[in-house]
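Right, one structure below, let's go through it.
Residue numbers (my numbering), protein chains in the order written: chain A, 10 to 257; chain B, 5 to 264.
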């Protein structure tokens, strides 16, 4: 289980998180929604230790995320970045098998390549993609490679940062289905941040809406449409009028 | 208040400079620690050795040969004013080995390697590749900074040695082909005049300049701002800082080696 308790983070005068409290039960898929700049990515990066919160605590399976063996902690996570964040200088298979080629999970290169090709196949890519470089791939293929890299070491917890941004609706649907399948198949705990309501309905067990640096509403995805929360209602229906001020 | 504002600005500038020096010093100390402690990344080190050392040879060789040739012409023309044309081999040798070799190689490395390192790492930062490294349990300084700085510490002194030899050869070629010097006498005068101290100072300067060049590329890349503008600023800042620090370090090292 992941638990964020009263997490605050400011960048200069800009107070992004103002007491974020959230629980993600083990083996469930939590999707965090909210407008741009509300701190969704910051929240994920705080859990991973990429950004240090100014205040508050983060626990993973009851253990403080800031203490203990950092490598062992990070080995439990996989992350799909918004832009893929593939390493340009490495061929696709070495990107996917990055964790398996070095560090505590190191395997022989031939075995790591086999696993990489298997994971590429799992996300619908042919083995001939393995030796290409990320710059030679389309946006959708890069997302799939990013997804293959996120699951390569079979992590217990997977984060997805805007998994469908920049993709056409059909490719977005393919990625949503893949995420759902993989999370169920692996029994992983997943946290996804997105603006895309189709993604939310496809991926989520639970939804949390972040607004003004705190969780405005959280609950099961099936209750989202009947929440009676004016903020959530405005967001999920994409209305310009409502309690959330739209910057024009 | 009006009188005090320049003092305030001076104070702020001093604090900014000192904090920047502190940040670079901490970055250098951390880099050194990552170079010396496992895990090591041999493939990254080999790649950096190739990029920084081997692939810099053409530009270093061309710079050195033209500089050595021009130096011979200048010394001959200048020396002729007081009948001292014969000192061309000695002055070319000492000029190349003590100053021009290390400084020009250092500056060429700053132009070629520092800019490339800064642009590459800054792009990795703005595209979240650095964050991805962390999530894959890989320390960015150990994976990106340590191999590059280590490779520069090893290869730039060698490049300086090669540059010294090629520069002396440039002077030799011009002196023997255009200025009528006897080849054997030219070489004998060159070898006789150079001291071990000259060669050691040249190689030490190469090591220091290489370290500065790679460190500045990594530092500015890792601390890049957002977007294309951030990458551009990081690249420009890294080359400016590396060039200025190389020239300042050259002055200090010349003082250390040759102040009698």
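We put the beta carbon where it would ideally sit given N, CA and C, even for glycine.
Among the CB atoms of chain B, one or more fall inside 8 Å of the CB of residue 94 of chain A. About 5 Å separates the beta carbons of residue 140 of chain B and residue 107 of chain A, which is inside the 8 Å limit, making them a contact pair. Look at residue 59 of chain A: its C-beta is under 8 Å from a C-beta on chain B.
The beta carbon of residue 150 of chain A sits closer than 8 Å to the beta carbons of 134, 138 from its chain, once the five residues preceding and following it are set aside; these are given in chain order. Among the CB atoms of chain A, one or more fall inside 8 Å of the CB of residue 133 of chain B.
Contacts with chain A (Cβ-Cβ distance below 8 Å) from the segment 138–160 of chain B involve 138, 139, 140, 141, 142, listed in chain order. Per the C-alpha coordinates, the member of B:234, B:63, B:230 positioned closest to residue 105 of chain B is B:63.
Residue 136 of chain B belongs to the set of residues whose beta carbon lies under 8 Å from a beta carbon in chain A. Annotated as distal: residue 223 of chain B and residue 147 of chain B, with beta-carbon spacing of 8 Å or more. In the DSSP assignment, residue 244 of chain B falls within the unbroken alpha helix (DSSP H) covering 231–262. Listed in chain order, the non-local C-beta contacts of residue 151 of chain B below 7 Å within the same chain comprise 45, 48, 49, 52, local neighbours out to five positions each way being set aside.
It is roughly 22 Å from the alpha-carbon of residue 168 of chain B to the alpha-carbon of residue 263 of chain B.
Remark: three or more beta-carbon pairs, one from each stretch, lie closer than 8 Å, so the segment 173–181 of chain B and the segment 71–80 of chain B are flagged as touching.
Counting only Cβ-Cβ distances below 9 Å, residue 43 of chain B has contacts in chain A at 111, 112, in chain order. When DSSP states are grouped into helix, strand and coil, residue 37 of chain A belongs to the coil group. At a cut-off of 8 Å between beta-carbon atoms, residue 84 of chain A makes contact with chain B. Taking the C-beta atoms as reference points, residue 94 of chain B is found nearer than 8 Å to residue 193 of chain B. Residue 233 of chain B sits exposed, since fewer than 16 C-beta atoms from the chains shown fall within 10 Å of its C-beta.
Of A:200, A:223, A:219, A:218, the smallest CA-CA separation from residue 212 of chain A is found for A:200.
Apart from the 5 residues on each side of it in sequence, residue 112 of chain B sits with its Cβ closer than 8 Å to the Cβ of 60, 63, 64, 67 in its chain, given in chain order. Below the 7 Å Cβ cutoff, chain B contributes no neighbours of residue 244 of chain A, its closest Cβ being approximately 25 Å away.
By the C-beta criterion, the segment 16–32 of chain A is judged to be in contact with the segment 223–232 of chain A, since at least 3 inter-stretch pairs fall below 8 Å. Comparing C-alpha distances from residue 197 of chain B to each of B:257, B:96, B:218 shows the shortest one belongs to B:96. Of the candidates A:203, A:54, A:67, A:179, A:203 places its Cα closest to the Cα of residue 40 of chain A.
In the structure shown, residue 91 of chain A falls within a coil segment according to DSSP collapsed to helix, strand and coil. Neighbours of residue 108 of chain A across chain B, judged by C-beta separation under 7 Å: 140, 141. Under the three-state reduction of DSSP output, residue 117 of chain A falls in the coil class, being neither helix nor strand. Secondary structure remark: continuous alpha helix (DSSP H) runs of at least 4 residues inside the segment 110–165 of chain A, in chain order: 118–131, 148–160. Contact between residue 156 of chain B and residue 79 of chain B fails: their C-beta atoms lie close to 32 Å from each other, not under 8 Å. Residue 103 of chain B has its alpha-carbon roughly 12 Å from the corresponding atom of residue 253 of chain B.
Taking a Cβ-Cβ cut-off of 7 Å, residue 10 of chain A has no neighbours in chain B, whose nearest Cβ is about 20 Å from it.
Among the residues of chain B, those whose CB is under 9 Å from the CB of residue 90 of chain A are 131, 132, 133, 135, 136, 139, following chain order. As computed with DSSP, residue 233 of chain A is found in no beta bridge at all. Counting along the chain, residue 192 of chain B sits inside the alpha helix (DSSP H) bounded by residues 187–197. DSSP places residue 42 of chain A within a strand segment (E or B) once states are collapsed to three. For residue 70 of chain A, no chain B residue has a C-beta closer than 7 Å to its own C-beta; the minimum C-beta separation is roughly 18 Å.
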